[in-house]
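Read in order, the letters of the sequence shown are residues 519 to 842 in my numbering.
Ideal Cβ positions, reconstructed from N, Cα and C, are used throughout, including at glycine.
Okay, so here's the structure we're looking at.
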Amino acid sequence: MKKVERLALAGLLVAVGMAVAGYGGVEPVWFAGVELLLFGVGLVGVVGLSDETLAGLPWMPLLVMGLVVVQWLPWPRPLSVAPYETETHLLRLVAYLVAFYWAVLLAAREEGRARLAGGLVAVGTAAGLYGIAQYVSAHSLDYNATGPYVNRNHFAGLLEMLLPLALGWTLAQGRGARSSWREWWTRAEAQKGWLGLVAAVVIFSAIVFSRSRMGWLSTLFALLVMSLGMSWGASPRMSAAGPLAVVLAGAALFSLWVGVDPVVARFGQAFADPGRPPIWADTGRLIREHPWLGTGWGTFPLAYPAVQTAHLGRRVSHAHNDYL
Numbered sequence: 519m520k521k522v523e524r525l526a527l528a529g530l531l532v533a534v535g536m537a538v539a540g541y542g543g544v545e546p547v548w549f550a551g552v553e554l555l556l557f558g559v560g561l562v563g564v565v566g567l568s569d570e571t572l573a574g575l576p577w578m579p580l581l582v583m584g585l586v587v588v589q590w591l592p593w594p595r596p597l598s599v600a601p602y603e604t605e606t607h608l609l610r611l612v613a614y615l616v617a618f619y620w621a622v623l624l625a626a627r628e629e630g631r632a633r634l635a636g637g638l639v640a641v642g643t644a645a646g647l648y649g650i651a652q653y654v655s656a657h658s659l660d661y662n663a664t665g666p667y668v669n670r671n672h673f674a675g676l677l678e679m680l681l682p683l684a685l686g687w688t689l690a691q692g693r694g695a696r697s698s699w700r701e702w703w704t705r706a707e708a709q710k711g712w713l714g715l716v717a718a719v720v721i722f723s724a725i726v727f728s729r730s731r732m733g734w735l736s737t738l739f740a741l742l743v744m745s746l747g748m749s750w751g752a753s754p755r756m757s758a759a760g761p762l763a764v765v766l767a768g769a770a771l772f773s774l775w776v777g778v779d780p781v782v783a784r785f786g787q788a789f790a791d792p793g794r795p796p797i798w799a800d801t802g803r804l805i806r807e808h809p810w811l812g813t814g815w816g817t818f819p820l821a822y823p824a825v826q827t828a829h830l831g832r833r834v835s836h837a838h839n840d841y842l
């Protein structure tokens with residue numbers, strides 16, 4: 519890896535770690551540090567990368583930023599219901615795009631891809647261990663593992679994205695191996711593979727103890743898609759079935775040892791949350807009233823009260839639905 523790539527990788531991983539440690543990015547001071555760090559990483563790319571490399575980056579994501587800029591501009595009739603909020607969230611979007619583009623560049627090379635994946639899995643494992651420690655040391659049966667996050671669903675959302683990455687990193691250690699599994703066991707890649715499996719077990723167990731029902735469903739769906747994708751036309755050595763079975767069995771045994779009665783009680787409740795469908799309906803109405811350019815990037819909490827029919831007197835900060 520080039521020096522500029524190593525600097526960017528270190529900056530990205532530190533930024534992710536800071537965002538996770540700062541209550542999942544909701545702590546303003548921590549997230550301001552994350553933004554500044556990502557801006558610095560972006561500057562490193564602009565200065566250190568060649569014009570050809572920069573020109574070869576995908577341009578479609580820039581259309582989203584262009585739309586936000588249009589919303590933010592001081593038109594005679596403002597497009598954003600809160601231009602200041604759109605401005606601050608535009609800065610966040612720039613930071614997100616810096617992280618996205620550097621991830622694309624690093625993932626284009628095997629070494630960068632392996633180091634980036636390993637770093638992200640390490641962050642997820644640390645957060646998972648913290649969440650499990652919370653659950654084990656809790657004095658209440660109603661306690662949810664949230665790790666460094668405030669909301670269990672957000673915590674589970676982080677981990678369910680990193681679990682397939684941990685499994686993929688594990689499978690990559692056996693890629694290209696022509697020897698038997700017994701011979702592979704003695705290779706250095708085997709130790710890395712087992713580290714990946716342990717990380718996956720920790721992450722999966724933390725998702726269980728978060729007691730997030732949608733986190734569970736998302737995790738199972740992600741594992742199903744990954745298993746099907748890896749098995750489609752793949753050689754037996756690259757099948758996801760083996761590592762997946764180890765992760766599921768390990769997480770099940772660990773959960774039984776710790777105690778799963780509160781988890782079972784949580785999942786025994788109805789999956790539907792009666793408080794969210796009205797928010798979705800109100801959000802649909804908001805979309806119909808602003809179909810083309812929206813109300814402005816980052817303005818949902820300020821625009822929603824105009825159509826609010828549920829949770830009256832309470833602040834609704836988001837739609838609780840990624841598709842809305």
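(message) Applying the 10 Å Cβ sphere with the 16-neighbour rule, what's the burial state of D800?
(response) buried
(message) Using only the alpha-carbon positions, how far apart do G535 and A613 sit?
(response) 15 Å
(request) Consult DSSP for T801 and reduce its assignment to one of helix, strand or coil. (result) Helix, per DSSP.
(message) Quick check for students: name the residue ranges of the alpha helix (DSSP H) that lie wholly in the segment 623-649, counting only runs of 4 or more.
(response) With a minimum length of 4 residues, there is no unbroken run of alpha helix (DSSP H) contained wholly in the segment 623-649.
(message) Quick check on H836: buried or exposed, where buried means 16 or more other Cβ atoms within 10 Å of its Cβ?
(response) exposed
(message) Could you tell me the alpha carbon to alpha carbon distance between L647 and V720, rounded to whole angstroms?
(response) 7 Å
(request) Under 7 Å Cβ to Cβ from H672, same chain only, skipping five residues before and after it: list those, please. (result) G542
(message) Does L585 come out as helix, strand or coil in the three-state DSSP assignment?
(response) When secondary structure is reduced to three states using DSSP, L585 falls in the helix class.
(message) Strictly under 8 Å for the Cβ-Cβ distance: is F818 near chain D by that measure?
(response) The chain inventory of the structure shown lacks chain D, comprising one protein chain alone.
(request) Can you have a look at Q709 and say buried or exposed, based on whether 16 or more other CB atoms are within 10 angstroms of its CB? (result) exposed
(request) Could you check if N839 is buried or exposed, using at least 16 other CB atoms within 10 Å of its CB as the buried criterion? (result) exposed
(request) Please classify P666: is it buried, with 16 or more other beta-carbons within 10 angstroms of its beta-carbon, or exposed? (result) buried
(request) Please work out which residues of its chain come closer than 8 Å, Cβ to Cβ, to S598, disregarding the five sequence neighbours upstream and downstream, and give them in chain order. (result) For S598, same chain residues with a beta-carbon under 8 Å away, outside a window of 5 residues either side, are Q589, W590, T604, T813, G814, W815, T817 in chain order.
(request) Please list, in chain order, all residues of the same chain as Y822 whose beta carbon is under 6 Å from its beta carbon, the five residues on each side excluded. (result) V834
(message) Do G529 and G566 have their beta-carbon atoms positioned less than 8 Å apart in this structure?
(response) Taking 8 Å as the cut-off, the beta carbon of G566 is found no closer than this to the beta carbon of G529.
(request) Identify whether Y614 lies in helix, strand or coil by the three-state DSSP scheme. (result) The answer is helix: DSSP assigns Y614 an H, G or I state.
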